[in-house]
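Written out below as structure tokens is the structure these notes cover.
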Ligand SMILES: C[S@@+](CC[C@H](N)C(=O)[O-])C[C@H]1O[C@@H](n2cnc3c(N)ncnc32)[C@H](O)[C@@H]1O
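Residue numbers (my numbering): 5 to 387.
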């Protein structure tokens, strides 16, 4: 038996969160615990942002059910979209990229498990090439068909071959996930600006809330993505959301009900600029939220005013030591300027991520007891 090698995908900027979650999940499996550290994890393999390569040595896999434990753990993860069993990566050397790519597919042993297996090939491509992803799918599909005898079934396939090309790096693998692992909620209401579940999970992890926060608030809750992720992650916590748009409040309530969290998650109609009037002082362990940011909000003055009022509200509702994590524009100096006016908040961590082709920053703040002398603008903290 060879090593088990898996390619995992996430949002660029959240790779460290994936590694932490994977190790945690393996350690929580009684039979795997002792071998969890034998897994090696490479972040951004071949320079691929938003990817990780997790390798499990063959001697660990030969131990009883470890292979199944590993795949089960991967498929339960909340910080990733897809799991691909990695077969081969080749840096294509010459000028005829399509011919070299097809040779790489030819040299990779894609094997059907049963004679009933059918397959499809999908391809993600980035960089400049004289062909499109659909051309790779069609031509690589012909190679796999010839090689294995499997027939193509684009909908009902049982084997999903991935042939991805980023510049000259070609990766061949078998995708184990069907829909993305982020498709974990039944959405009754989902506006265009909704946050991806993986990003919501990453923000909750970056808050470092410990095992048992009692109350988490999202005052710009929209469809409630952060509310649902928080409820799943902290089964004992009370979760509150609010939004100033009534359609969002009603939609988020429906989503909460569909997820079965209505006994612990409440959603109210409120303006996030009035947090201090809506919630008692020091009543919340964490504010995790995704306010509107960037061009959609119009003039800079509106933006600054909204953030000023919102951060003052956070200062009021957070208990000392409590955390706020929000996704905002990456103009750090702007957030730093607003923050400089708040004596009770300190920046703990900031990082830029990529989501849907935009590059917002995740800001992590902490509620402190005001101490102007000892206060620093940013005290760097990892996840
Ligand atoms: C980027 S969206 C949040 C999306 C949400 N995370 C989701 O997954 O659906 C921002 C939300 O803030 C709400 N909003 C804008 N200004 C607000 C304010 N002053 N108070 C409360 N909510 C506000 C909008 O109605 C919108 O639902």
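Ideal Cβ positions, reconstructed from N, Cα and C, are used throughout, including at glycine.
Member of 137, 154, 146 and 54 whose CA lies at the smallest distance from the CA of residue 119: 154
Of the listed residues 357, 342, 359 and 41, nearest to residue 351 (C-alpha basis): 342
One or two residues paired with residue 92 in a DSSP bridge: 176
Local conformation of residue 346 per DSSP, three classes: coil
Start-to-end residues for the beta strand (DSSP E) that takes in residue 10: 8-13
Backbone CA spacing between residue 367 and residue 74 [nearest angstrom]: 33 Å
The stretch 230-242 contacting the stretch 195-210, beta-carbon criterion three pairs below 8 Å: yes
Nonlocal neighbours in the same chain, by C-beta distance under 6 Å from residue 9, ignoring five residues either side: 59 and 90
Residues near residue 157 in its chain [Cβ-Cβ closer than 8 Å; skip 5 each side]: 122, 123 and 124
DSSP state of residue 223 mapped onto helix, strand, coil: coil
Under 9 Å between C-beta atoms of residue 29 and residue 213: no
Residue 227: CB within 8 Å of a non-hydrogen atom of ligand 1: yes
Span separating the alpha-carbon of residue 285 from that of residue 222: 16 Å
Residue 290 classed as buried or exposed, judged by whether at least 16 other C-beta atoms fall within 10 angstroms: buried
Cut-off 7 Å between Cβ atoms - residues of its own chain near residue 83, not counting five sequence neighbours on either side: 14, 18, 21, 22, 25, 202, 205 and 206
Extent of the continuous beta strand (DSSP E) run through residue 292: 288-293
Presumed contact (8 Å Cβ cut-off) between residue 11 and residue 55, rounded CB distance: 6 Å
N- and C-terminal bounds of the alpha helix (DSSP H) containing residue 122: Note, residue 122: premise wrong, no alpha helix (DSSP H); beta strand (DSSP E) at 122-126.
Whole-angstrom distance between residue 241 and residue 46, CA atom to CA atom: 34 Å
Pair within 9 Å by beta-carbon distance, residue 177 and residue 117: no
Proximal residues to residue 250 (C-beta, below 7 Å), its chain only, five neighbours per side dropped: 273
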